[in-house]
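One structure below.
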Amino acid sequence: IIDRIKAFRGKTIDSVTPFLDVDLYDGSRCHIIIPPIADKIYISIRVFNCPEFTIEDLVERGTITAFQVDFLRWAVVEEKMNILVAGAMGSGKTVFINTLARLIGKNEKINIIQDVPEITLKNHKWVRILTTRAKSREVDNRVTQEELLIQSLRMRADRIILGEVRDPLASYQLLQVLNTGHKGSFSTIHADSARDAIYRLESLATEYRPNLNQLSIRNLISRVINLVIYLGMETDEDNNVVRRKVMEMIRVKNKLNGGDFLFEGVEMV
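For the sequence shown, counting from 1, position 67 maps to 642 in this note's numbering; every step adds exactly one.
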């Protein structure tokens, strides 16, 4: 099996580099680790499956309320807000952002940047899916999030969807891209609350540009991020997840208050 996977992707795994990550033909991701750093050979395959729910489906599942649907339609379609979806791993961020994207007009040009092809928008006419690539041992042929964000500037996209903000350079580049336009763009981020998502984005961007003063970074974020949606998980007494749910929505005001962000809560009726 390992030989077939290596041949398929032209990768190498041996005692010098005893681990391997590859994307398989169906979009799933395979990780292999072998001795001497493991006691035996382990193969893990992660199958990515992002269900295509409608916004009404999420109401039936208890993820959002009917009131929130009306607000989100207004935010996505009419106001074209730049939206950050936050939550812990497994909280349903990708499914939620995929559902939000289905509200976008069918004739809008959308660039989707992701590590694996989870968000597809099959019923939209102008969708360009751009996928990152890790470097191989033989040659540094990686393609990063930030490089794909730069390419998107040259592709005249109306909106950009970044699957996940996960490193300092991509965070800063996303802010720069949104600052050039592209109203109605989306991304996700790991965070413990809606407010925490904004401060984590600030922290990542600052890590890339430590010489920029705090007010500059905060002014940029407050200009280009309009809405943060925080997803949480409700569990039963055995700690099994019974529902993924919107716990909080905040609007980020386009001004600072004493040098700090100014937030406005959205009703959760």
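Yeah, the Cβ is synthetic: ideal placement off N, Cα and C, and Gly gets one too.
Checklist entry - Looking at the structure shown, is residue 830 part of a helix, part of a strand, or coil, going by DSSP? => result Residue 830: strand per DSSP, three-state reduction.
Next on the checklist: Is the beta carbon of residue 836 closer than 9 Å to that of residue 773?
Outcome noted: Remark: C-beta atoms of residue 773 and residue 836 approach each other more closely than 9 Å.
Item to check | Three-state secondary structure assigned by DSSP to residue 860 | outcome: The first residue shown for the chain is 576 and the last is 844, placing residue 860 beyond what the model contains.
Next on the checklist: One question on the structure: do residue 631 and residue 644 come within less than 9 Å of each other, judged by their Cβ atoms?
Outcome noted: Yes, the Cβ-Cβ distance between residue 631 and residue 644 is below 9 Å.
Checklist entry - With a Cβ-Cβ cutoff of 9 Å, do residue 804 and residue 642 count as a contact? => result Going by C-beta atoms, residue 804 is not nearer than 9 Å to residue 642.
Item to check | Candidates 660, 665, 666, of which the one nearest residue 676 by Cα | outcome: Of 660, 665, 666, the residue nearest in Cα terms is 660.
Checklist entry - Going by other Cβ atoms of all chains shown within 10 Å of its Cβ, with 16 needed for buried, is residue 594 buried or exposed? => result Around the CB of residue 594, fewer than 16 other CB atoms lie within 10 Å, so the residue is classed as exposed.
Checklist entry - Just the Cα atoms here: how many angstroms apart are residue 824 and residue 606? => result Their backbone Cα atoms lie some 36 Å apart in a straight line.
Next on the checklist: Whole angstroms are fine: how far does the CA of residue 763 sit from the CA of residue 622?
Outcome noted: C-alpha of residue 622 to C-alpha of residue 763: approximately 20 Å in a straight line.
Checklist entry - With a CB to CB cut of under 6 Å and the five nearest residues on each side skipped, what residues in its chain are close to residue 733? => result Apart from sequence neighbours up to five positions away, the residues of its chain that approach residue 733 with a beta-carbon distance below 6 Å are 683, 684, ordered along the chain.
Checklist entry - When the distance is taken between beta carbons, is residue 694 closer than 9 Å to residue 759? => result In this structure, residue 694 does not lie closer than 9 Å to residue 759 by Cβ.
Item to check | Whole-Å CB distance - residue 795 paired with residue 740, under 8 Å assumed | outcome: The Cβ separation is near 14 Å, so there is no contact.
Checklist entry - In chain order, what residues of the same chain have a beta carbon less than 6 Å from the beta carbon of residue 808, not counting five sequence neighbours either side? => result Counting only residues of its own chain and dropping the five nearest sequence neighbours on each side, residue 808 has a CB closer than 6 Å to the CB of 666, 816, 819.
Item to check | Best match in 579, 597, 611, 596 for proximity to residue 590 [C-alpha to C-alpha] | outcome: Ranking 579, 597, 611, 596 by Cα distance to residue 590 puts 611 first.
Next on the checklist: I'd like to know whether the C-beta atoms of residue 799 and residue 750 end up nearer to each other than 9 Å.
Outcome noted: Yes, they are a contact pair.
Next on the checklist: Using the Cβ count rule (16 or more neighbours within 10 Å means buried), how would you classify residue 842?
Outcome noted: Counting every other CB atom within 10 Å of its CB across the protein chains shown gives residue 842 a total below 16, marking it as exposed.
Checklist entry - What does a CB cutoff of less than 6 Å around residue 782 pick up in its chain, not counting 5 residues either side in sequence? => result Closer than 6 Å at Cβ, skipping near neighbours: 743.
Checklist entry - Does DSSP classify residue 779 as helix, strand or coil? => result Residue state, collapsed to three classes: helix.
Item to check | residue 668 versus 777, 619, 769, residue with shortest Cα-Cα distance | outcome: That would be 769, whose Cα lies nearest to the Cα of residue 668.
Next on the checklist: Assuming residue 754 and residue 797 are in contact, meaning their beta carbons sit under 8 Å apart, how far apart are those beta carbons, in whole angstroms?
Outcome noted: Taking a contact as a CB-CB distance under 8 Å, the pair residue 754 and residue 797 does not count as one, their CB atoms being some 11 Å apart.
Next on the checklist: Run through the DSSP bridge pairs and tell me what residue 619 is partnered with.
Outcome noted: When DSSP reads this structure, residue 619 sits in a beta bridge with 606.
Checklist entry - Do you know offhand how far residue 658's Cα is from residue 834's? => result Computed Cα separation, rounded: 22 Å.
Checklist entry - By how many angstroms is the C-alpha of residue 654 removed from the C-alpha of residue 704? => result Cα to Cα, the separation comes out at about 24 Å.
Checklist entry - When DSSP labels each residue in this structure, what does residue 642 get in the three-state scheme? => result Three-state result, residue 642: helix.
Next on the checklist: Buried or exposed, going by whether 16 or more other CB atoms sit within 10 Å of the CB of residue 814?
Outcome noted: Exposed, by the Cβ-count rule.
Item to check | Element boundaries [alpha helix (DSSP H), containing residue 628] | outcome: Per DSSP, residue 628 is not a residue of any alpha helix (DSSP H), being assigned neither H nor E.
Checklist entry - If you compare alpha carbons, which of 597, 698, 588, 792 is closest to residue 620? => result Checked all of 597, 698, 588, 792; the closest Cα to residue 620 is 597.
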